[in-house]
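Per our numbering, the very first residue in the sequence shown carries number 3; after that it's consecutive. The C-beta atom is built at its ideal place from N, Cα and C for all residues, glycine as well. All of these numbers come straight from a predicted model, not from anything done at the bench. Single-structure report; data block below.
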Amino acid sequence: MLTAIGVAGTAAPSYADDTVTVSGTAFPDPARAALSLVGCADLYQRTDEPLLPTVGRGPGTAPAGTRSLGWDLAGGNAVGALFPTASVLGTTTASLAVDAAGRATGVAYAGYQEPADAGTTLLWLGRSELVTRGGAWQTFDAAARSYTWTKYDMTTRQPVVPATAAPATVPDFAAAHGGDGPGLYSIGFGCDGAPFWMDRLQVGQPGAVTTYDVEALRTAVTITAVSGRGKDGPVTLEGRLRTDTGDPVPDATMVLERRVSDRAWEQVLVADVDHGVARATVPGDERATYRWRFVDRPLAEASTSEPWLVDVLPPVVTDPPSPTGSPSPSGEPSPSGGPDPSEPPSTATPSPSLSPSASASITVSASPSPSASVTPTDLTDESAEPSGSDPHGTP
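Written out as structure tokens, the structure is:
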């Protein structure tokens, strides 16, 4: 949000035409484009109020992408776009697309520091009232408007030269005050408290215009497992939901899905996301693959975790050890078990040998019933289909 107005005397950077996707309200380059909150009667005279933006589809066909950023202010303030610039004459486009259900009012400001005031806190501010008829998207270009100009001391935020009598465009006003200089453009609505939506912020000059497309938060879902209560007991699967900005998704839920063998994914349950985490307990005695899925909604894009395999280990099967001293098949004593020919025959009674059936048996270990192990797998996600989403305006 705009908390102070400043200007810089650096040269304008070089840009080519491009489009930047904005996740919600997270503008990636505030020195180029950002959100502004200003007073409607005077840039510095604004009131404090909670700002609760919404991201949603439309309304209608959004000017850029599929979503827009919505606001509902109390009145007296304007929220919108701020474009700082090192050259007010070099910035020929500083625009914002706006839509409202009905008539809505706003304000545009242009800031300009004349060359004679370079290095000081003096700044000319031009003001221009805005009105949209509503019912359709309308683009307002602050660089093309005429303004009533007042000179301010940015330190005290008080006027030092009263407002000019006649409105003037930025090029005309700069030509009358020594030429080009650094400054800013601001466009905002909400002055009358009418709800509105904003999208497609544009700033630059021909051949070097940057378009900012307001879209939903990008999300990512991960899955991990917490071991069950016993070797073959239930397994708790944990899903974590993250956004690219770190902002939480209010009232978020995630769907746990399961796939057995080659069958399609099926929904197991819907779980609330608490502090970014959803949990569910599943059986540990069946082989199945699970995944967490966050369903697309106006505020945030859909995402799905990697699959996680809950596998069942087979019982342990072993052969019994061979008995010591068994007779060889030929009836001859084995070299290790027979008497030394040089010694006299022993008078001890030989032990009875095991029967052939006993020596050929296979014993299954008396281990507990099959135990559950949890291992990740890289199965391909083929069948996930997004569910329905919330209507426009979900916070």
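The distance from the Cβ of Asp215 to that of Ala66 is about 4 Å, consistent with a contact at the 8 Å cut-off. For Glu259 against Val270, the beta-carbon gap comes to about 6 Å, under 8 Å, which counts as contact. Put simply, the backbone Cα of Gly190 is about 33 Å away from that of Gly278. About 30 Å separates the beta carbon of Gly104 from that of Asp249, a gap too long to meet the 8 Å contact definition. Separation of the CB atoms of Ala64 and Asp201 is rounded to 5 Å, and the pair is thereby assigned contact status at 8 Å.
In this model, Tyr154 and Val297 are separated by some 50 Å (Cα to Cα). When rounded, the separation of the alpha-carbon atoms in Ser305 and Thr134 is 37 Å. Checking the DSSP bridge columns, you'll see Trp126 partnered with Tyr114, Lys153. Residue nearest to Arg48 within the set Leu54, Ser38, Thr171 is Ser38 (criterion: CA-CA distance). For the pair Val228 and Trp310, the Cα-to-Cα distance works out to about 12 Å. For the pair of segments examined, the stretch 138-151 was found to touch the stretch 99-119: the number of CB pairs separated by less than 8 Å reaches three.
When secondary structure is reduced to three states using DSSP, Ala144 falls in the helix class. Listed as beta-bridge partners of Arg299 by DSSP are no residues whatsoever. DSSP places Pro197 outside both helix and strand once states are collapsed to three, so it counts as coil. In this chain, the alpha helix (DSSP H) harbouring Ala176 covers 172-177. Counting the other Cβ atoms within 10 Å of the Cβ of Pro61 gives 16 or more, which makes it buried. Straight-line spacing of the CA atoms in Ala36 and Thr224 works out to 31 Å. Classified as buried, Ser307 has 16 or more neighbouring CB atoms from the shown chains inside 10 Å of its CB. Annotation: Leu75 to Pro52 spans about 9 Å, alpha carbon to alpha carbon. Around the CB of Pro252, fewer than 16 other CB atoms lie within 10 Å, so the residue is classed as exposed. Considering only Asp50, Arg289, Gly41, Thr122, the residue with the shortest C-alpha distance to Thr157 is Thr122.
Annotation for Thr87: the continuous beta strand (DSSP E) segment containing it runs 79-87. Beta bridge pairing from DSSP links Gln160 with Asp155.
Taking the C-beta atoms as reference points, Ala102 is found no nearer than 7 Å to Ala43. Here Val237 is actually not in contact with Thr255; their C-beta atoms are around 21 Å apart, not less than 8 Å. In the DSSP assignment, Gln204 forms a beta bridge with Ser97, Thr213.
Here Glu116 is buried: its Cβ has 16 or more other Cβ atoms, across all protein chains shown, within 10 Å.
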